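Undergrad: Just so we're aligned: the sequence shown equals residues 11 to 202 in my numbering.
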Amino acid sequence: LGPPNAGKSSLHARLTGSHAVVGPYPFATKFPLPGMLPHEDVQFQLVDLPPLSRTHLPSWIGNALQPAEACLLALDLADPLSLDELEAVQTLLAERRIHLSPHWPGEDSAPPPEDDDPFALHLPTLLLASKADLLPALDQELAVLRELSGLTLPALAVSSESGQGLDEIGLWLFRGLEVIRVYTKAPGRPPD
């Protein structure tokens, strides 16, 4: 999930092996594209969604996010408009009663705040600071973004070009979502 040209499709293609359309122009992704992210012996379904902006918001975005267990929010911190784009994404989702939450079930954090709206969706969200290979002072850029926006989401610096941080995404999802493996038989042995 994220604004135009944040690197969502590039990350999706690199993580899942999908053939996501990647272009140097906004709105290259028109429809949801699923793919599978392997982590150890677990597969996570990642869905590349069209970008969200004030000028273009798919009417079905709320329905697409309802079954999601978590959200990966891609932002290009090298883009001077990243703060405005972050606020636009949060506002557009909030209008649909969808909130990006820093609270993950498997993390030692306080539970999400109580909400008066029983139909609101609070998605555990991991900020992916994409195109990290293009920012020499990524930590400073992230600190400034956090300070100006009040953002409390956990973050990873990633790059689909260099591969930086990509191995950490599966591990984060595994731990953050408290994935439990259930084996109906001992691995590598015949059933009893």
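Backbone N, C-alpha and C define an ideal beta-carbon position, used for all residues, glycine too.
Keep in mind that this is a model prediction, so the values were computed, not measured.
Only counting runs of 3 or more residues, tell me where the beta strand (DSSP E) segments fall wholly within the region 17-51, in order along the chain.
TA: Taking only runs of at least 3 residues, the beta strand (DSSP E) segments lying wholly in the region 17-51 are 43-49.
Undergrad: Have a look at Glu151 and Ala74 and give me their C-alpha separation to the nearest angstrom.
TA: 31 Å
Undergrad: Contact between the region 19-39 and the region 156-164: three or more CB pairs below 8 Å?
TA: no
Undergrad: Counting C-beta neighbours from all protein chains within 10 Å, is the total for Ile190 16 or more, i.e. buried, or is it exposed?
TA: exposed
Undergrad: Which residue spans inside the region 106-177 form an unbroken beta strand (DSSP E) run of at least 3?
TA: 108-111, 131-140 and 165-167
Undergrad: Asp94 lies in the alpha helix (DSSP H); which residues open and close that run?
TA: Segment Ser92 to Ala104, the alpha helix (DSSP H) holding Asp94.
Undergrad: Compare the Cα-Cα distances from Thr65 to each of Ser19, Glu79, Glu95 and Ala104 and report the closest residue.
TA: Glu95
Undergrad: Tell me, please, whether the region 134-146 touches the region 171-187 by the rule of three or more beta-carbon pairs shorter than 8 Å.
TA: yes
Undergrad: Please report the distance separating the alpha-carbon of Asp89 from that of Glu117.
TA: 30 Å
Undergrad: Hey, Ser19 and Asp58 are a contact pair by Cβ (cut 8 Å); roughly how many whole angstroms apart?
TA: About 5 Å; that satisfies the 8 Å criterion.
Undergrad: For Leu148 versus Ile179, is the C-beta spacing smaller than 9 Å?
TA: no
Undergrad: Have a look at Pro164, Cys81 and Gly72 and flag the residue whose alpha-carbon is nearest the alpha-carbon of Ala104.
TA: With distances taken between Cα atoms, Ala104 lies closest to Gly72.
Undergrad: Flag this pair as yes or no: are the beta carbons of Ala23 and Leu62 separated by less than 9 Å?
TA: no
Undergrad: Applying the criterion that 16 or more other CB atoms from any shown protein chain within 10 Å of the CB defines a buried residue, is Phe129 buried or exposed?
TA: exposed
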